[in-house]
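Here the structure comes first, spelled out in structure tokens, and everything after it is commentary.
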Amino acid sequence: MTSFQPEKRLHVITWGCQMNVYDSARMTDVLRPLGYRPADTADQADMVILNTCHIRDRAAEKVFSELGRLRVIKETRAAAGLPTVLAVAGCVAQAEGAEILARAPYVDIVLGPQTYHRLPEMVARAARAGGAVIETDFPVEQKFDFLPDATGPQLPGGVTAFLTVQEGCDKFCSFCVVPYTRGAEASRPVASVLAEARRMVAGGVREISLLGQNVNAYHGEGPDGRAWSLASLMRALAELPGLARIRYTTSHPRDMGDDLIAAHRDLPALMPFLHLPVQSGSDRMLAAMNRGHTADDYRRLVDRLRAARPDLAFSSDFIVGHPGESDADFAATMALIRDIGFAQAFSFKYSPRPGTPAAGAPLQVAAEVGDARLQELQALVRQQQDRFNADSVGRSMEVLFTGCGRKPGQLSGRSPYLQAVHASGPEWLIGTTAMVQIDHMLTNSLTASLLPPVPSPVSDMPRANPLLERACA
Ligand code: SAH
Ligand code: SF4
Ligand code: F3S
């Protein structure tokens, strides 16, 4: 039985990691049966969700300042007789739920990342009670078993999509809030992941990034009743007709099993670009951070991966200024970066997170020292990244065309290494892969020319992609 639901508008603001992007799409899915359709701005919306991140810096302050802005919108709408449901989701909601309700009593719903399937019930409760509703327990049930089927890519018509396969973390690195905000590690069953991937491909998706805070710890239940590894899951995904590319992020060096290394050798669809955070190149710091491996373990792992897939490029995360980090420790990190040679890296100044072991540790590093180290590290990484991009010029590689370019007649796409690539070509190439030669390096992208033979417009690839119906301007 379907009941009539008046159309309502929903605006979701997403901060933080890719998993939050995925989660925001799933919250939109779960609210659709209640009549909610997307709104571009908060002032047009009957419901606003602020999906927050707690990983660094003044996360909570940023949330309160945004809530202040949303409060004004809510009050203006109320004066015009339009009620607004205001919800705070994500990792700050999980960590600071009670504080949010105390400091921002105009918030109607606070919900942690593991309770998104309960959102419709919370909306109903908030409407009935007229008071705030908070859900930040970690429920025994897995939300994925209760969420409606994902509708496809996070962007309408998107050619690339995120798919969460694993969530939470049991590693408890000294500096990190994730084990507290996302809870214990849990994997989705293989069948549910494959079904979602199939729907995504039918919706036009050609590249899927498997997500997890610790994605290579994946151990979902397989159809045979056993726990499947990430490598086994990707072997099954690689069989899906129409799925051209697979990626996964974020992985922990400790969980790079032999079968995962072999998957990089065996699966052409698995892109040769691996984000493998190491955080530091100093064994002393790695121990203090509770990372569970040494800098040389990391070097050896990279060697083994490169042996399996010689064109594999690496990206990483670094933290400078973790409590106790000396000049020598920092020098060891710089040495590791020089040894490996990264195509890309994200680096952060250590930021004490409430409730984590490192926040209370002695020998906190002075802010100026952290700033100086960060600058030095970023300069080196920038150099390596520029060199990697410059080395791409003249190479031929496969590009997945994802949309229209900025100039007429131009398409935009991404290389196997997640570089933005622009090339002139027919619009029907959007949603397909083609070989190009890289011509030039610009500041944040590459330009390229299509190499013959250009794929023909009639191919056996499923063409459900709505973008293909749309003309580039
Ligand atoms: N699961 C991933 C990391 C997720 S958080 C892993 O194991 O590496 C993304 C990145 O944010 C981390 O890799 C780390 O570099 C950075 N980060 C996390 N907590 C931080 C903190 N307290 N201060 C500074 N950077 C932090
Ligand atoms: Fe955080 Fe990653 Fe460490 Fe887990 S493995 S605690 S998510 S940094
Ligand atoms: Fe942020 Fe939570 Fe992701 S803290 S990085 S949104 S897991």
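Converting from the sequence shown to our numbering requires adding 29 to each position, the first position being numbered 1.
Cβ coordinates follow ideal geometry from the N, Cα and C atoms, glycine included.
As the structure is a computational prediction, the values presented were derived from the model and not from experiment.
With distance defined between alpha-carbon atoms, name the residue in the options nearest to residue i.
i, options, result
"A563", "E456, A452, Q412, D312", "The chain is shown only over 30 to 502; residue 563 falls outside these bounds and no answer can be derived."
"R283", "A324, A337, L140", "A324"
"F343", "M263, A109, R333, S203", "R333"
"Q143", "E128, A156, A133, L176", "L176"
"T462", "Q407, R274, R367", "R274"
"R264", "L305, A190, D295", "D295"
"V422", "S444, V331, M151", "S444"
"A504", "M285, Y327, L305, R338", "Outside the modelled stretch of the chain, which goes from 30 to 502, sits residue 504, for which no answer is possible."
"D326", "F302, A317, D356, L365", "L365"
"Y209", "T431, T385, V394", "T385"
"M464", "L447, G64, G434, F430", "F430"
"F167", "Q123, S203, R154", "Q123"
"R329", "A357, I369, E405", "I369"
"S345", "R367, P352, E354, G353", "R367"
"Q47", "E225, L409, R157, V194", "V194"
Can you name the start and end residues of the beta strand (DSSP E) that residue i belongs to?
i, result
"I467", "462 to 470"
"I102", "I102 -> not in any beta strand (DSSP E); alpha helix (DSSP H) instead, spanning 88 to 108."
"S221", "Note, S221: premise wrong, no beta strand (DSSP E); alpha helix (DSSP H) at 219 to 231."
"Q439", "439 to 443"
"A342", "342 to 349"
"M300", "From DSSP, M300 is part of no beta strand (DSSP E); its letter is neither H nor E."
"I129", "Not the beta strand (DSSP E): I129 falls in the alpha helix (DSSP H), residues 119 to 132."
"N80", "76 to 81"
"V162", "162 to 164"
Quick check on DSSP: helix, strand or coil for residue i?
i, result
"Y65", "strand"
"F191", "strand"
"R255", "coil"
"R492", "Because the pLDDT of R492 is 47, which lies under 50, any placement of that residue in the model is unreliable, and the number read from its coordinates should be weighed accordingly. The answer is coil: DSSP assigns R492 none of H, G, I, E or B."
"F417", "helix"
"F359", "helix"
"I138", "strand"
"K172", "helix"
"H322", "coil"
"E405", "helix"
"E397", "helix"
"E36", "coil"
"E268", "coil"
"V114", "strand"
"T43", "strand"
"Y145", "helix"
"L330", "helix"
"V234", "coil"
"R283", "helix"
"E354", "coil"
"R274", "strand"
"T476", "strand"
"A390", "coil"
What residue range does the alpha helix (DSSP H) around residue i cover?
i, result
"G432", "No alpha helix (DSSP H) holds G432; the beta strand (DSSP E) holding it covers 425 to 433."
"I290", "287 to 295"
"D312", "312 to 317"
"V207", "207 to 210"
"S376", "That residue, S376, is in no alpha helix (DSSP H); its beta strand (DSSP E) goes 373 to 378."
"A449", "It is not in any alpha helix (DSSP H) - A449 instead sits in the beta strand (DSSP E) that spans 449 to 453."
Apply the 10 Å Cβ neighbour rule to residue i and answer buried if 16 or more other Cβ atoms are within range, or exposed otherwise.
i, result
"S311", "buried"
"F347", "buried"
"R577", "What the structure shows of the chain is the stretch from 30 to 502, and residue 577 is not part of that stretch, so it cannot be assessed."
"A127", "exposed"
"H281", "buried"
"E196", "buried"
"N473", "exposed"
"D69", "exposed"
"K436", "exposed"
"F359", "buried"
"F201", "exposed"
"E397", "exposed"
"P306", "buried"
"R255", "exposed"
"E125", "buried"
"T105", "exposed"
"Q412", "exposed"
"V349", "buried"
CB residue i to CB residue j, shorter than 8 Å?
i, j, result
"V136", "L130", "yes"
"G119", "N49", "yes"
"A74", "R132", "no"
"M9", "A267", "The structure shown does not extend to residue 9, since the chain is modelled only from 30 to 502, so the question has no answer here."
"L223", "S258", "no"
"L315", "T278", "no"
"W457", "P486", "yes"
"F173", "R382", "no"
Please find out if some non-hydrogen atom of the ligand SAM comes closer than 7 Å to the beta-carbon of residue i.
i, result
"C198", "This structure does not include the ligand SAM; its bound ligands are the ligand SAH, the ligand SF4 and the ligand F3S."
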